[in-house]
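**Student:**
There are 2 protein chains.
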Amino acid sequence: MGQCNCRKKRKVHERRCGTGRAGTPGGDCQELTDVERAIETVINQFHYAVKGQKEYLTPNEMQELVVQKLPHLGKCVGPLEEKIECMGDPDEAKLEFGEYWDMMGDAAKGCRRK
Amino acid sequence: MGQCNCRKKRKVHERRCGTGRAGTPGGDCQELTDVERAIETVINQFHYAVKGQKEYLTPNEMQELVVQKLPHLGKCVGPLEEKIECMGDPDEAKLEFGEYWDMMGDAAKGCRRK
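See below:
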């Protein structure tokens with residue numbers, strides 16, 4: 000079995016081909032599309048923002064993410080701040096990936112309406 | 000009022016500064032972050048996939064988008080196909096931006112579980 004000859008090392012890509020596993024030409028080892036890379040960026044940001052071993056964000060971590068990573072989009076979305084405040088205890092409440100994705104959607108919708 | 004001296008021309012960016020309007024140093028004219036550019040890519044893809052003047056995707060257009068733009072992520076998500084089929088008439092049913100964003104979230108969740 001030949002060495003996987005893909006150059007691009009992307010998280011989704013690695014899972015798709017696995018390191019060292021032979022990549023079938025044009026098979027699973029194609030380049031990710033721009034939209035897939037964009038989705039991957041939003042996924043990875045969730046993991047970067049999560050502190051420790053847990054699998055969720057706290058309201059404080061989400062707030063930090065909005066300030067650091069959504070300096071423009073975050074402004075389009077008044078409700079995003081309110082949503083974060085309504086989540087409960089800033090250090091205890093849990094924001095799972097699905098809710099995080101929904102909030103990114105709110106930022107997207109907010110920015111589209113402008 | 001000085002000419003806006005921003006080099007990066009991004010859709011959200013233009014709306015933020017507007018062409019010709021003075022950009023306040025470090026104000027609204029900063030560079031978009033990677034996460035904002037990623038969200039913008041997913042937003043723009045919705046508009047590219049919409050045919051004609053309408054503001055929604057048909058199931059057929061969404062199916063085409065999945066085949067062309069989610070060759071990898073689309074595989075993680077059996078239900079995405081079913082969701083598209085359950086939407087009704089392939090040429091008539093309407094997929095608004097919010098539902099499109101939710102489906103992208105399904106692709107993201109499907110790929111995270113792998």
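Keeping their order, the protein sequence lines are chains A and B. Numbering of the first sequence is given in numbering that gives the first Met the number 0, commencing with residue 0 and proceeding in unit increments. Numbering of the second sequence is given in numbering that gives the first Met the number 0, commencing with residue 0 and proceeding in unit increments. Cβ atoms here follow ideal geometry from the backbone N, Cα and C, with glycine treated the same way. This one's a predicted model, so the numbers in the text were calculated from it and none came from an experiment.
#1: Does chain A have any CB closer than 8 Å to the CB of residue 42 of chain B?
#2: Quick check on this structure: which residue in A/91, A/97 and A/58 has the alpha carbon closest to the alpha carbon of residue 81 of chain A?
#3: Distance check for residue 32 of chain A and residue 14 of chain B, CA to CA, integer angstroms please.
#4: What are the start and end residues of the alpha helix (DSSP H) that includes residue 40 of chain B?
#5: Over the uninterrupted alpha helix (DSSP H) stretch that includes residue 68 of chain B, give me the two end residues.
#6: Taking residue 108 of chain B as the query, report the chain A residues whose CB atoms sit under 7 Å from its CB, ordered along the chain.
#7: Got a sec: which bits of the region 52-68 of chain B sit with their beta carbon under 7 Å from any beta carbon on chain A, in order along the chain?
#8: Can you tell me which of the three DSSP states residue 25 of chain B falls into?
#9: Residues of chain A with a CB under 7 Å from the CB of residue 79 of chain B: which are they?
#10: Just the chain B side, please: which residues come within less than 8 Å of residue 104 of chain A by C-beta, in chain order?
**Tutor:** Judging by the given coordinates:
#1: yes
#2: A/58
#3: Note that residue 14 of chain B has pLDDT 41, beneath the 50 cutoff, so the model's placement of it is unreliable and no number is given.
#4: 33-48
#5: Per DSSP, residue 68 of chain B is one residue of the alpha helix (DSSP H) stretching across 58-68.
#6: 96 and 97
#7: Those would be 68, in chain order.
#8: Since pLDDT at residue 25 of chain B reaches only 38, below the 50 mark, its modelled position is unreliable, and no value is offered.
#9: Within chain A, no residue comes near residue 79 of chain B; the closest Cβ sits about 12 Å away, beyond 7 Å.
#10: 97, 100, 101 and 104
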